[in-house]
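Novice:
Numbering (my numbering), first residue to last: 8 to 84.
(1) In chain order, what residues of the same chain lie with their CB nearer than 8 Å to the CB of residue 16, ignoring the 5 residues before and after it?
(2) In whole angstroms, what is the alpha-carbon distance linking residue 62 and residue 12?
(3) Closest to residue 55 by C-alpha separation, out of 41, 48, 46, would be which residue?
(4) Can you name the residues that DSSP bridges to residue 31?
(5) What's the gap between the Cα of residue 44 and the Cα of residue 34?
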């Protein structure tokens, strides 16, 4: 969600959210997350960010990243 806001601003659409979700992972982040997950013994879950190429973006604060991280857990309930 935070990445969609970063790419499209506050008024992103469900289609833009789905487009962001489908982006490939950023290469270095994918390598890092694989290494961290390998060290975690199944206890740690690290996901890479997606590759974003936009030049005109919206500033996203720490709160956006936090909310984007806990919202999926609420959906599962």
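For each residue, glycine too, the CB sits at the ideal point set by N, CA and C.
Since the model is a prediction, treat every value here as computed from it, not as a measurement.
Specialist: If we stick to the structure as given:
(1) Taking the chain shown and counting its residues from 1, one reaches residue 16 at position 9. Same-chain partners within the cutoff: 65.
(2) Position 55 of the chain shown, counted from the first residue, corresponds to residue 62. Position 5 of the chain shown, counted from the first residue, corresponds to residue 12. If you draw a straight line from the Cα of residue 62 to the Cα of residue 12, it comes to about 14 Å.
(3) Counting from 1 along the chain shown, the entry for residue 55 is found at position 48. Checked all of 41, 48, 46; the closest Cα to residue 55 is 41.
(4) As a position in the chain shown, residue 31 is number 24, starting the count at 1. Here residue 31 is not bridged, per DSSP, to any residue.
(5) Here residue 44 refers to the residue found at position 37 of the chain shown. Here residue 34 refers to the residue found at position 27 of the chain shown. Taking the straight line from one Cα to the other gives about 15 Å.
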